[in-house]
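Numbering (this note's numbering), first residue to last: 30 to 485. Glycine residues also receive a C-beta, built at the ideal position from the N, C-alpha and C atoms. These notes are about the structure you will find just below.
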Amino acid sequence: MARIAVVGGGILGATLTLRLAQQGHDVQLLERGAALGGLADRTQLAGYDIDRFYHVIVPSDARMHALVDELGLTDEMSNAPVGVGFFSGGKMYPFNGIGDFLKFPPLKFTDRLRLARFVVACQLRSQYADLEDKPLLEWLRKMSGKRVVDKIWRPLLDSRFDGHHEELPATYLWSRTRRMRSARSGKGGAEEFGALRGGHQRLIEAAAKAAEESGAIVRTGVPVTGLLMEGGNVAGVTTEDGDERYDLVIPTLQPPALKFLLPAELQPLLGAYPQRFLGVVCLILLVKESLTEHYSVNIVDPTPITTIVETSHVVGTDHTGGNRLVYVPRYCDPKSETFGLTDQEVYDRFTEMVAKLSPAFRHEDVLGWTVQRAPTVEPVHAKGVAPREAPIFPSYEDGRPIRGLALASASQIYPRLLNGESVVQLAEEVAVEVDGILATDPARLVATPSPAGGAA
Ligand SMILES: Cc1cc2nc3c(=O)[nH]c(=O)nc-3n(C[C@H](O)[C@H](O)[C@H](O)COP(=O)(O)OP(=O)(O)OC[C@H]3O[C@@H](n4cnc5c(N)ncnc54)[C@H](O)[C@@H]3O)c2cc1C
30 MARIAVVGGG ILGATLTLRL AQQGHDVQLL ERGAALGGLA DRTQLAGYDI DRFYHVIVPS
90 DARMHALVDE LGLTDEMSNA PVGVGFFSGG KMYPFNGIGD FLKFPPLKFT DRLRLARFVV
150 ACQLRSQYAD LEDKPLLEWL RKMSGKRVVD KIWRPLLDSR FDGHHEELPA TYLWSRTRRM
210 RSARSGKGGA EEFGALRGGH QRLIEAAAKA AEESGAIVRT GVPVTGLLME GGNVAGVTTE
270 DGDERYDLVI PTLQPPALKF LLPAELQPLL GAYPQRFLGV VCLILLVKES LTEHYSVNIV
330 DPTPITTIVE TSHVVGTDHT GGNRLVYVPR YCDPKSETFG LTDQEVYDRF TEMVAKLSPA
390 FRHEDVLGWT VQRAPTVEPV HAKGVAPREA PIFPSYEDGR PIRGLALASA SQIYPRLLNG
450 ESVVQLAEEV AVEVDGILAT DPARLVATPS PAGGAA
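And the structure:
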């Protein structure tokens, strides 16, 4: 049994803590916030308790569904077939599968055929090695033609990547197209989305509770300020209350947060991660009536927002007094002009676009609104960078292992997209690897086992 600290109480840290505790390890989860949840935490809007960002589970999210079942939350899931819209030339079109692509008025018939053929080809392709070095736009032009790129792909990528996507490999869109296929229910090509009452945070809290029942200690309001180093290895963490000794520390933070924990000698580890990260600015509207019949909308007209997501189509309206929740996000660089806007500026700019998308939108029907921001949401994996995944068990440049440290963050997930499913998968894989090494070759991971009780 090893004494382990998991840093960060998002879905990754909570699942990892649960699995390590179930394996019999002496685990502490250290979360700096007042509550667990991270990006999946909750906020208040007009007196209602709501998801700070929008979270759904698709039918093929096997690990998420298994975790929901294991934690006794199966009856708390709501599922609904939902549609996606496409806004082009000031008009909204349904966009749910090949049938809609083939009728899609903004494109000529030959372009529609090429688009449909491209989507099918992506979904049938199971390997991506030869896509890794292909520039995304070049590949899209070859596969679906210049007009489709100019009318569809480039505008979508512009709003998703804040205007800069030249570094992306073809793998990105292949991976995204495949995930969307896994959401299809087969009924008219519509997607079937599920959501947990209380959001992903409910799952995180249930995982933490189950971890405590297996002996873990879960602590909130504990920012970790650094790693405790001894002889080039990690011997614990530093918090505002002092040093704490652990055999193994596993930060689950993405590099922009991890860098504040690493002493100078470990800063080179950051070079193995992607170097660019997107944040998000998200306006949330509480409105009386539905703004769009679609769950989400792809926008190819000039837009200050990335999409519009009416989550009430999936989560229902019981928890919001019969009113509807509409999320209006813009993915952007945390140093961008958008990220620095005031709440009122975000409201004004984003609702101007919402009014174009939805003739039903009226300012006087907005019962409440809030702006949520997160500076680090998603790494941008650039083409031609190897290895793709920073190592879980790091070493110095000369090959010496750094004992006492394992790294497990969403930035190490590739080529899968970031979501609860891929994050839970990483957490479970890391728990299995850590447990295996501790059982067979503990000296590889642990420098000097701490005395029982552990606190410095
Ligand atoms: C707009 C949006 C929409 C999304 N939609 C979906 C969806 O529909 N479905 C889906 O499955 N996923 C979705 N996701 C993705 C999902 O939210 C993330 O993949 C997931 O929450 C990441 O969890 P994590 O534990 O890796 O990181 P985080 O949630 O970022 O957790 C990291 C934790 O570490 C803590 N921390 C940071 N520094 C310290 C420190 N020094 N000491 C202690 N603690 C620290 C933070 O407070 C935080 O709690 C969405 C995300 C966004 C932003």
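8 Å contact criterion, which L407 and L447 should meet: CB distance rounded: The residue you asked about is not Leu; residue 407 is Glu in the sequence shown. Confirmed, Cβ separation roughly 6 Å.
Where the beta strand (DSSP E) containing F222 begins and where it ends: E220 to L225
Rounded separation between A239 and L47 - CA only: 7 Å
Exposure label - K537; buried when at least 16 CB within 10 Å: Coverage of the chain is limited to positions 30 through 485, which leaves residue 537 absent and any answer about it impossible.
Should L290 go down as buried or exposed, given a rule of 16 or more other Cβ atoms within 10 Å for buried? buried
Taking only heavy atoms of ligand 1 into account, decide whether any of them is closer than 8 Å to the Cβ of F302. As written in the sequence, residue 302 is Tyr, which differs from the Phe given in the question. The answer is no for Y302.
Could you tell me which residues DSSP puts in a beta bridge with F306? P408
Out of G223, L153, A63 and H193, state which residue places its alpha-carbon closest to the alpha-carbon of P164. H193
Can you tell me whether K120 is buried or exposed? The criterion is at least 16 other CB atoms within 10 Å of its CB, across all chains shown. exposed
Please find out if some non-hydrogen atom of ligand 1 comes closer than 8 Å to the beta-carbon of H84. yes
How many Å lie between G483 and D470 at the Cα? Residue confidence is low: G483 scores 41 on pLDDT, short of 50, so the model does not pin down where it sits. Its coordinate-derived value is still stated next. For G483 and D470, the distance between alpha carbons rounds to 21 Å.
What's the call for G126, buried or exposed, on a 16-neighbour Cβ count within 10 Å? buried
Three-state secondary structure (DSSP) of M106: strand
What three-state label does DSSP hand K216 in the structure shown? Its pLDDT being 49, under 50, K216 is placed unreliably in this model, and the value from its coordinates should be taken loosely. Coil, per DSSP.
In three-state DSSP terms, what is E339? strand
M121 lies in the beta strand (DSSP E); which residues open and close that run? K120 to P123
What span of residues does the beta strand (DSSP E) with Y356 cover, start to end? R353 to C361
Please indicate yes or no: does the CB of P388 lie closer than 8 Å to some heavy atom of ligand 1? no
Once DSSP output is grouped into helix, strand and coil, what is the label at F390? coil
Cutting at 7 Å between CB atoms, please list the residues of its own chain near N262, excluding the five before and the five after it. I431, R432, G433 and A476
Would you mind reading off the limits of the alpha helix (DSSP H) that contains V263? Where V263 is concerned, there is no enclosing alpha helix (DSSP H), although the beta strand (DSSP E) it sits in stretches over N262 to T268.
Ignoring anything shorter than 4 residues, give me the alpha helix (DSSP H) runs that lie fully in the region 135-215, in order along the chain. 138-153, 165-173, 183-189 and 200-211
In the DSSP output, what is N448 paired with across the bridge? Note: N448 sits in no beta bridge, so no partner.
Look up M258 in the DSSP assignment and say whether it is helix, strand or coil. strand
Could you please give the first and the last residue of the uninterrupted beta strand (DSSP E) stretch that includes L277? L277 to P280
Inter-stretch contact (C-beta, 8 Å, three-pair minimum) for the region 396-406 and the region 304-314: yes
In the DSSP assignment, find the unbroken beta strand (DSSP E) run with G128 in it and report its ends. No beta strand (DSSP E) holds G128; the alpha helix (DSSP H) holding it covers I127 to K132.
Sequence-distant residues of its chain with Cβ nearer than 6 Å to A419 (five each side left out): A301, Y302 and Q441
Over what stretch of residues does the alpha helix (DSSP H) that includes D272 continue unbroken? Looking at the DSSP string, D272 is not in any alpha helix (DSSP H); the run it does join, the beta strand (DSSP E), is G271 to R274.
Checking the sheet assignment: what are the DSSP bridge partners for S117? K120
What residues in its chain sit with their C-beta under 8 Å from that of V383, if we drop five residues either side in the sequence? L314, L320, I334, I337, V355, V357 and F390
What are the partner residues of P430, as DSSP defines its beta bridges? S424
Residues bridged to Y77 [DSSP beta-bridge criterion]: L74
Going by other Cβ atoms of all chains shown within 10 Å of its Cβ, with 16 needed for buried, is A485 buried or exposed? A caution first: A485 carries a pLDDT of 35, below 50, which makes its placement in the model too unreliable to give a value.
Please identify the residue among M106, G67, T72 and Q73 whose C-alpha is closest to the C-alpha of V85. M106
At the level of alpha carbons, what is the spacing between R473 and D272? 23 Å
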